[in-house]
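Structure first, then comments.
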Amino acid sequence: MPEQITPYKDKSATKKEQVADMFNNISKTYDFLNHFMSLGIDILWRKKAIGELKKIKPQLMLDVATGTGDFAFEAIQILNPAKVIGVDISQGMLDVADQKIKKRGLSDRFEVRLGDSEKLLFEDNTFDAVTVAFGVRNYENLEQGLSDMLRVLKPGGKIVILEFSKPQKFPIKQLYNFYFNSVTPAIGKMFSKNNDAYKYLPESVAAFPDGKNFLTLMHQVGFKDTKFQPLTFGISSIYTGVK
0 MPEQITPYKD KSATKKEQVA DMFNNISKTY DFLNHFMSLG IDILWRKKAI
50 GELKKIKPQL MLDVATGTGD FAFEAIQILN PAKVIGVDIS QGMLDVADQK
100 IKKRGLSDRF EVRLGDSEKL LFEDNTFDAV TVAFGVRNYE NLEQGLSDML
150 RVLKPGGKIV ILEFSKPQKF PIKQLYNFYF NSVTPAIGKM FSKNNDAYKY
200 LPESVAAFPD GKNFLTLMHQ VGFKDTKFQP LTFGISSIYT GVK
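Every letter in the sequence shown is one number past the one before it in numbering that gives the first Met the number 0, and letter 1, counting from 1, is 0.
Next comes the structure, spelled out in C-alpha cells:
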C-alpha cells in the first residue's frame with residue numbers, strides 16, 4: 000500500500016475529503032497554474048496519452064478525476080468519440096468544466112458528474128476506454144480505484160493513465176526536485192493563495208509508486224498487457240492496460 004499523503008494534515012478528515020477541499024479551493028486558478036508551471040508541456044503530454052487510444056476508436060469514454068475537463072476536451076478533438084463522461088469529487092473543478100463545456104458547445108458530447116473515483120456509479124462492462132490524467136496519486140485507496148476502473152471497462156477496453164513520475168538521472172533529478180519542492184509551492188502560493196495544495200503536489204508525487212511498481216499494481220488488480228512510457232526525461236509517464 001502506497002504511503003498516505005494528505006493535503007492539509009487534518010487527521011479528522013479523510014484523504015478523499017481533503018483532496019476534494021483542496022481542489023475546490025484552487026479550482027479557479029487551476030488551469031492557469033497547470034499550464035504555467037509545466038511551461039505548457041502538460042498539453043503535449045495529454046495529446047501523447049490520448050494517442051494511445053487511436054487504434055481502438057472508443058465511442059463511449061470515461062474520464063476519471065476529470066477536473067476542469069482538459070483531458071476529455073483533447074480526447075474529443077483527437078478521437079471524436081460519441082460521448083465522454085467525466086467524474087470528479089470536486090464540485091468546484093466540475094463547475095469550471097461545465098462552463099467550458101457550454102462555451103464550446105459540447106453539452107451533447109461531454110457530461111460531468113460529481114462522484115467518487117473509487118466507487119464509480121456505472122454498470123460493469125460499460126466503457127470502451129477509461130482515462131485518468133494526474134489523478135491516481137490522489138486516490139485514498141489506489142488498488143480499489145484501479146479495480147473499479149477495470150470493472151466498468153468493457154472486455155478488450157483500454158485504460159490510459161497519465162501521471163507525474165520521478166526522474167532518476169543527473170541533473171534532471173536534481174533540477175526537478177528543486178523546482179517541485181521550492182519553486183512550485185512559491186508560485187502556487189503567489190497565484191492561488193493556497194500554499195498547502197502546492198506543497199502537497201511534490202509530496203504526493205514522491206510517495207506515488209511510479210514506473211514498474213505501478214504496473215505491478217495494475218497487473219495485480221487484473222489489467223493485461225500493461226505498459227508504461229516515460230515522458231520528458233521521466234517527469235511524467237503514460238501507463239496503459241487492457242481488460
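Every residue, glycine too, gets a C-beta built ideally from N, C-alpha and C. Keep in mind it's a predicted model, so treat the numbers as computed, not measured.
Asked                                                                                                    : Found
Alpha-carbon to alpha-carbon, K172 and L38                                                               : 18 angstroms
Pick from K223, N180 and N212 that is closest to S203, judged by C-alpha positions                       : N180
Whole runs of the alpha helix (DSSP H) within the region 15 to 91, excluding any shorter than 4 residues : 29 to 36, 40 to 49 and 69 to 78
Local conformation of L149 per DSSP, three classes                                                       : helix
Neighbour-count burial assignment, T215, 16 or more Cβ in a 10 Å radius                                  : exposed
Alpha carbon of A71 to alpha carbon of Q167, nearest angstrom                                            : 30 angstroms
Close Cβ partners of M0 (< 6 angstroms) along its chain, the five nearest in sequence each way excluded  : Because the pLDDT of M0 is 47, which lies under 50, any placement of that residue in the model is unreliable, and the number read from its coordinates should be weighed accordingly. Excluding residues within five positions, none has a Cβ falling inside 6 angstroms.
The region 48 to 55 contacting the region 6 to 25, beta-carbon criterion three pairs below 8 angstroms   : no
Status (buried if at least 16 other CB within 10 Å, exposed otherwise) for R112                          : exposed
Closest Cα partner of V86 within the set P154, N79, A96 and L78                                          : A96
Residue of M60, G91, T231 and K82 minimising C-alpha distance to T28                                     : G91
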